[in-house]
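Whatever position you read off the sequence shown (first residue = 1), add 113 for the UniProt record's numbering.
C-beta: ideal position from N, C-alpha, C; glycine also.
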Amino acid sequence: EDYSPPSTDIITLTRHVLTEGFKQRKESAASGDLTILLASLQTTCIGAAGNTNVQGEDQKKLDVLSNEIMINALKASGKTAVLVSEENDEAIFVGEKQEGGRGKYCVVFDPLDGSSNIDAGVNIGTIFGIYLVKEGSKGTLEDVLRPGREMVAAGYCMYGSSANMVLTTGNGVNGYTLDNQIGEFILTHPNIRMKNRGKIYSCNEGNSMYYSEPVLKYLDSIKYPKKEGAKPYAARYIGSMVADVHRQLLYSGIFLYPSGANAKDGKLRMLYEAFPMAFITEQAGGLATNGTERILDLTPKSIHQRCPVFLGSKDDVEDLMKFFK
Ligand code: AHM
Ligand code: MG
Numbered sequence: 114e115d116y117s118p119p120s121t122d123i124i125t126l127t128r129h130v131l132t133e134g135f136k137q138r139k140e141s142a143a144s145g146d147l148t149i150l151l152a153s154l155q156t157t158c159i160g161a162a163g164n165t166n167v168q169g170e171d172q173k174k175l176d177v178l179s180n181e182i183m184i185n186a187l188k189a190s191g192k193t194a195v196l197v198s199e200e201n202d203e204a205i206f207v208g209e210k211q212e213g214g215r216g217k218y219c220v221v222f223d224p225l226d227g228s229s230n231i232d233a234g235v236n237i238g239t240i241f242g243i244y245l246v247k248e249g250s251k252g253t254l255e256d257v258l259r260p261g262r263e264m265v266a267a268g269y270c271m272y273g274s275s276a277n278m279v280l281t282t283g284n285g286v287n288g289y290t291l292d293n294q295i296g297e298f299i300l301t302h303p304n305i306r307m308k309n310r311g312k313i314y315s316c317n318e319g320n321s322m323y324y325s326e327p328v329l330k331y332l333d334s335i336k337y338p339k340k341e342g343a344k345p346y347a348a349r350y351i352g353s354m355v356a357d358v359h360r361q362l363l364y365s366g367i368f369l370y371p372s373g374a375n376a377k378d379g380k381l382r383m384l385y386e387a388f389p390m391a392f393i394t395e396q397a398g399g400l401a402t403n404g405t406e407r408i409l410d411l412t413p414k415s416i417h418q419r420c421p422v423f424l425g426s427k428d429d430v431e432d433l434m435k436f437f438k
């Protein structure tokens with residue numbers, strides 16, 4: 114048995130981001146600011162975690178509530194210039210006169226993803242990505258209509274039996290769990306890495322009649338493996354991107370939200386769903402593609418544009434891409 118005393122060296126998210134993340138960062142002048150911005154995002158996620166337990170009528174308004182909390186907190190942080198939310202048709206430009214001032218960061222986010230799952234108590238989450246404004250810019254649409262590879266940080270918070278924050282600043286992926294007693298995210302999953310090959314596929318297969326040939330053939334290949342003695346992949350699909358991607362980071366596998374005859378670019382949004390999850394997946398050793406191109410090399414033409422999403426373990430995603438050739 115282990116009689117060692119409890120650890121007295123607790124690594125909080127803020128401490129970790131300050132000490133570890135920034136050892137590697139180039140824009141040192143901005144790094145303190147990014148820490149403050151991430152602290153502000155943490156606070157909004159803790160707020161959302163508390164609210165996701167609200168019952169009944171109030172649940173319907175949860176996505177609206179989360180959105181307002183995030184916008185207010187991000188503006189008040191003094192570190193933002195442009196905000197893009199799934200809940201708002203237009204981007205929000207932070208004015209110079211904003212209390213706390215205007216900052217250098219653009220935050221793109223889905224305040225409460227998977228909202229169709231709320232009433233069933235299934236895990237939901239917040240997804241976000243962060244850009245630094247271009248040199249000399251005061252914050253315009255051009256600062257967010259950029260390739261995903263230019264993001265400086267991305268993350269999500271999943272609300273379930275515990276609240277889990279997963280974050281990358283371009284130097285690997287770390288996971289933190291909210292400690293309700295002290296109200297802080299604690300480093301619990303340092304340096305998350307996916308296996309090169311998983312055993313799980315995750316998609317809404319009910320849409321098969323809309324799927325394209327390459328996707329159907331790929332799915333067939335993992336369900337009816339040709340190799341003697343090989344087992345088929347297991348299906349797991351929650352229908353909350355945050356929860357499906359979270360499971361995948363920990364267990365490995367492939368997540369698919371393809372385009373279809375019914376939806377030319379699929380369902381997921383490029384800027385604040387696909388990019389952050391692609392960034393995190395790559396940083397955990399995986400790949401993310403729209404079938405033919407790396408997701409992080411795409412450039413959105415408008416803030417709510419959609420794109421097909423395939424991401425996960427490297428070998429699995431490479432297998433899929435062969436069917437697109
Ligand atoms: P939402 O933004 O309306 O919540 O939709 C996004 C969600 C994702 O979390 C999830 O991956 C996807 O929709 C599931 O879609 P479907 O129900 O078509 O399988
Ligand atoms: Mg969403």
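- In the three-state scheme derived from DSSP, where H, G and I count as helix and E and B as strand, Arg382 is classed as strand.
- Shown here, Met183 sits in a helix according to DSSP, grouped into three states.
- Assignment of beta-bridge partners to Glu200 by DSSP yields no partner.
- Going by DSSP, Tyr346 is part of no beta strand (DSSP E) at all; its letter is neither H nor E.
- DSSP places Glu297 within a strand segment (E or B) once states are collapsed to three.
- Three or more pairs of CB atoms, one per stretch, sit closer than 8 Å, so the segment 211-226 contacts the segment 185-193.
- A distance below 7 Å between beta-carbons, with the five flanking residues on each side excluded, links Asp429 to the following residues of its chain, in chain order: Arg310, Gly311, Gly366 and Ile367.
- About 6 Å separates the CB atoms of Gly379 and Val422; that is less than 8 Å, so the two are in contact.
- Unbroken beta strand (DSSP E) runs of no fewer than 3 residues, entirely contained in the segment 252-331, are found at 266-272, 276-281, 286-292, 297-302 and 313-315, following chain order.
- Assigned with DSSP and collapsed to three states, Arg215 falls in coil, not helix or strand.
- The three-state secondary structure of Val207, taken from DSSP, is coil.
- Per DSSP, Ile240 is one residue of the beta strand (DSSP E) stretching across Ile237 to Leu245.
- By the beta-carbon neighbour count (other beta carbons within 10 angstroms, threshold 16), Met322 is exposed.
- The beta carbon of Lys377 sits no closer than 8 Å to any heavy atom of the ligand AHM.
- Between Arg382 and Arg349 a beta carbon distance of about 22 Å is seen, past the 8 Å cut, so the two are scored as non-contacting.
- For Lys174, the distance from the CB to the nearest heavy atom of the ligand AHM is not below 8 Å.
- Going by beta carbons, Glu199 and Glu395 fall outside the 9 Å limit.
- The three-state reading of DSSP puts Asp122 in coil, since its state is none of H, G, I, E or B.
- Annotated three-state conformation of Ile159 is helix, per DSSP.
- Considering only Ala194, Ala401, Ala204 and Tyr364, the residue with the shortest C-alpha distance to His417 is Ala204.
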